[in-house]
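According to the numbering used here, the sequence shown holds residues 20 to 530 in order.
Glycine included, every Cβ here is placed at the ideal spot set by N, Cα and C.
Since we're looking at a predicted model, the values are computed, not measured.
Scroll down for the structure; my scribbles are underneath it.
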Amino acid sequence: MKKIFSIIALSVIISITGCKKDFLSLEENPNVPSVATPQFQLSGSLVTSANLYNSATGVTGAISLASGAYSQTTGVWMGYWTTSGNYVPNSALNTNNFTNTAYQIWTQFYLNLSNYTDIEKKGAADPSLVYFSSIAKIMKALEFQTLVDTYNNVPYSQAFKAPDVLFPAYDNGDVIYDDLMKQLDAAIASVKSAPTSAVNPGTSDVMFKGVMTNWIKFANTIKLKLAIRQWNKLPAKQAALKTAVTATAADGFIDQTFQAAVNPGYTNDDANGQKQSPFYVSYGFTATGAISLPGDYYKANAYAINKLKATNDPRLSRLYAPASAPVDPLVPFVGNVYGSTSPTNNPKTSSIGPGLLKSATQDAIILSSSESLFLQSEAALYGIISGNAQSLYESGITASFNALAVPSATTAASTYYAQPVANVSWTASTDKLAAIINQKWTALNGYGNIEAYNEYRRTGFPADVPVSTQSTQPTIPSRIFYPSTEVSNNGDNLNKQGTINQFTSKIFWAK
Numbered sequence: 020m021k022k023i024f025s026i027i028a029l030s031v032i033i034s035i036t037g038c039k040k041d042f043l044s045l046e047e048n049p050n051v052p053s054v055a056t057p058q059f060q061l062s063g064s065l066v067t068s069a070n071l072y073n074s075a076t077g078v079t080g081a082i083s084l085a086s087g088a089y090s091q092t093t094g095v096w097m098g099y100w101t102t103s104g105n106y107v108p109n110s111a112l113n114t115n116n117f118t119n120t121a122y123q124i125w126t127q128f129y130l131n132l133s134n135y136t137d138i139e140k141k142g143a144a145d146p147s148l149v150y151f152s153s154i155a156k157i158m159k160a161l162e163f164q165t166l167v168d169t170y171n172n173v174p175y176s177q178a179f180k181a182p183d184v185l186f187p188a189y190d191n192g193d194v195i196y197d198d199l200m201k202q203l204d205a206a207i208a209s210v211k212s213a214p215t216s217a218v219n220p221g222t223s224d225v226m227f228k229g230v231m232t233n234w235i236k237f238a239n240t241i242k243l244k245l246a247i248r249q250w251n252k253l254p255a256k257q258a259a260l261k262t263a264v265t266a267t268a269a270d271g272f273i274d275q276t277f278q279a280a281v282n283p284g285y286t287n288d289d290a291n292g293q294k295q296s297p298f299y300v301s302y303g304f305t306a307t308g309a310i311s312l313p314g315d316y317y318k319a320n321a322y323a324i325n326k327l328k329a330t331n332d333p334r335l336s337r338l339y340a341p342a343s344a345p346v347d348p349l350v351p352f353v354g355n356v357y358g359s360t361s362p363t364n365n366p367k368t369s370s371i372g373p374g375l376l377k378s379a380t381q382d383a384i385i386l387s388s389s390e391s392l393f394l395q396s397e398a399a400l401y402g403i404i405s406g407n408a409q410s411l412y413e414s415g416i417t418a419s420f421n422a423l424a425v426p427s428a429t430t431a432a433s434t435y436y437a438q439p440v441a442n443v444s445w446t447a448s449t450d451k452l453a454a455i456i457n458q459k460w461t462a463l464n465g466y467g468n469i470e471a472y473n474e475y476r477r478t479g480f481p482a483d484v485p486v487s488t489q490s491t492q493p494t495i496p497s498r499i500f501y502p503s504t505e506v507s508n509n510g511d512n513l514n515k516q517g518t519i520n521q522f523t524s525k526i527f528w529a530k
C-alpha cells in the first residue's frame, strides 16, 4: 500500500507516549497505530500543532532543527529574515526557482489531521467525550484552512475514508472554507449543549487547560479569519459571511486577555527530540547552550530593520538583537538584503531578538492576541462586527508591545501610535486597511510568518516588501507546488488541478 493511503486516505493515530506527566513526545513512526486515551491523543496532537506553526518539523510533526521550512521561507519572503553570510547562498531561495520538494507542509499536516479525526470519531461514539471532539473539530478547521491557504484545492471531503476511498478527490478551496465555517458552528454548539457527564479535558488540553469558553472564542476567531480572508475577493458572499460571524459573535473572540498558545510543560532538555518550546529551540539555543542551526542561518532582513527604524518603533530591539560586532558601533541593528550575493557574516548582522526568544519554557503561539485584534479591527471597519475599528487597531498594537515585553509597553505603544505617521497613527492613515495590515505585519514577525504571507497575498500590504534581487521573476511567489508525494501517489486527482506556477497560480482568495 502506498504511503499516501496512511496520510490522507486513512485515519491513523500517531503513537504518543508520556516522557513526563505533563509533556508528550511523538514517536518517529506515524503509521503504527497505538491505543491511546483521548487525553494523551489530544495533548500529542496539540503539541504537534504547536510544532507545525512554530518550527521546522519532520514528517511526523516532531521538531527538526533544519533550515528551509515553509514557516522560515515565508519569513524571508515577508522581509523579516534573510540568510547568513556564514553559509553558502541558497540558490533556490534566492532565485525562487524551487521545486515540488521544497517548503512542504502537506504530510505533517495531514498526519496531525488524522489524529484530530480519530478524536472526533471517539467523541461521536461516546457522548462524554464531546469536549474532546469539539476541540478536534476546531483544530481541524484551523489546520485545513492552513492547507487551503497554502495549496488552494486539497483533499477534504474524501480524506480519511479508507478503505472506501483510497485516492481522495480534491475539493475547491472556497467550498472547503464554507464547510469549515459549518464545522466551527457545530463545535461551538456542541460545547454549549454538552451534558453534565461530559469529561473536561483539563490539563490534557495543553492550550486552554479545559476552559471551554476560550475554545469557543478561539473558534469564533477562526470563523472571523475565514470570513475576512475572502471578504474583498468574493463580494457575493459577504452577506452570508456576515451572518455566519454575527451568529456567534456575542460569545466573543480572542482578545488582549489571552491568546491561543500551547504549553505542555516545556523544559530545557534536548532529550526525546527536544522538550523545549519549539520556536525557542529552533531559533535560539539547545540545552547545552549551542545556537540552533536555523538561529545561526536566519538573520535580520534589512527591510524590516529599516521599516522599524523609520517609524521609531521600539519593537526593533525586541524583534532583533544588536550585531555583536557591527561595522559601525553607532548602528547596532543591521540586516542583509534578500538575494545579496555577498551577505554580511554573523557578527556584523542582527539575529532574532529577545522579545521572540524569551526562554526554553515559553508558550508556543498558535493565534496571538494582536492577530485577533487586528482581525476584529478589519471586521469592524467593514461592519461585520460591532466595535470601534480604531480602538481595536490600537489595542492590537498594544498587545504586540506587551507580547514582546517592550518596557512600559502600554505607554510606549500609545506614544508610538500617536505619531502623525501613515500606517502608524489611525487618523494619519488615509488607507485604513493598509494601516491594519502593516501593523499586523509587524506583530506577526517570527511567530506568524505564514500568516503574514497569507495577508500579503490577500491585500498586497506591506506594498514595499522586497523581492529577492536574484529572483527569476520580479514578484514574491504566489504559492508553493503540490508535493512530489501527490504526483506519485494520487496523480490522477492532482492532475485535475491543472498546471501550477509559483508566480502566477493563486489561492482562491488572493488579490
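- The beta carbons of residue 404 and residue 395 sit about 6 Å from each other, so the pair counts as a contact at 8 Å.
- Bridge pairing for residue 102: 317 [DSSP].
- In the structure shown, the three-state DSSP call for residue 273 is coil.
- Burial check for residue 438: the Cβ neighbour count within 10 Å stays below 16, so the residue is exposed.
- When C-alpha distances from residue 462 are compared across 441, 333 and 76, the shortest belongs to 333.
- The continuous beta strand (DSSP E) containing residue 281 extends over residues 279-281.
- Nearest in C-alpha terms to residue 305, of all of 481, 318 and 286, is 286.
- For residue 385, the uninterrupted beta strand (DSSP E) segment begins and ends at 383-386.
- DSSP places residue 340 in the strand class (E or B) of the three-state scheme.
- Pairing residue 67 with residue 502 gives a Cβ-Cβ distance that is not under 9 Å.
- Here residue 375 has 465 as same chain residues with Cβ atoms under 6 Å from its own Cβ, once five neighbours each way along the sequence are excluded.
- For the options 335, 362 and 358, the alpha carbon positioned closest to that of residue 352 is the one of 335.
- With contacts defined by Cβ atoms closer than 9 Å, residue 187 and residue 514 do not form a contacting pair.
- Of the residues 260, 365, 456 and 429, the one whose Cα lies closest to the Cα of residue 414 is 429.
- With 16 or more other CB atoms across the displayed protein chains lying within 10 angstroms of its CB, residue 236 is buried.
- In this structure residue 243 is in contact with residue 264, their Cβ atoms being roughly 6 Å apart against a cut-off of 8 Å.
- The distance from the Cβ of residue 135 to that of residue 231 is about 17 Å, inconsistent with a contact at the 8 Å cut-off.
- In this structure residue 400 is in contact with residue 451, their Cβ atoms being roughly 6 Å apart against a cut-off of 8 Å.
- Taken through DSSP and simplified to helix, strand or coil, residue 163 comes out as helix.
- The alpha-carbon separation between residue 211 and residue 152 amounts to approximately 13 Å.
- Put simply, the stretch 360-367 touches the stretch 87-107. At least three CB pairs are less than 8 Å apart.
- Residue environment analysis places residue 346 among the exposed positions, since fewer than 16 neighbouring C-beta atoms fall within 10 angstroms of its C-beta.
- Contact between residue 115 and residue 381 is ruled out by a C-beta separation of about 32 Å, above the 8 Å threshold.
- Secondary structure at residue 365: helix, using DSSP grouped into helix, strand and coil.
- Taking every protein chain shown into account, the CB of residue 254 has fewer than 16 other CB atoms within 10 angstroms, so this residue is exposed.
- Residue 304 sits in a strand when the DSSP states are folded into three classes.
- Around the beta carbon of residue 113, 16 or more other beta carbons sit within 10 angstroms, so the residue counts as buried.
- Per DSSP, the beta bridge partners of residue 76 are 82.
- The beta carbon of residue 322 sits closer than 6 Å to the beta carbons of 98 and 485 from its chain, once the five residues preceding and following it are set aside; these are given in chain order.
- In this structure, DSSP gives residue 520 a state outside helix and strand, which the three-state scheme calls coil.
- Rounded to whole angstroms, the separation of the alpha carbons of residue 519 and residue 229 is 42 Å.
- Across the set 314, 398 and 435, the C-alpha of 398 shows the shortest separation from the C-alpha of residue 245.
- Within the stretch 450-490, the complete alpha helix (DSSP H) segments of 4 residues or longer fall at 451-462 and 468-478, listed in chain order.
- Taking 8 Å as the upper bound for CB-CB distance, residue 389 and residue 419 are in contact here, some 4 Å apart.
- Listed in chain order, the non-local C-beta contacts of residue 219 below 7 Å within the same chain comprise 150 and 229, local neighbours out to five positions each way being set aside.
- A direct Cα-to-Cα measurement between residue 241 and residue 160 gives close to 8 Å.
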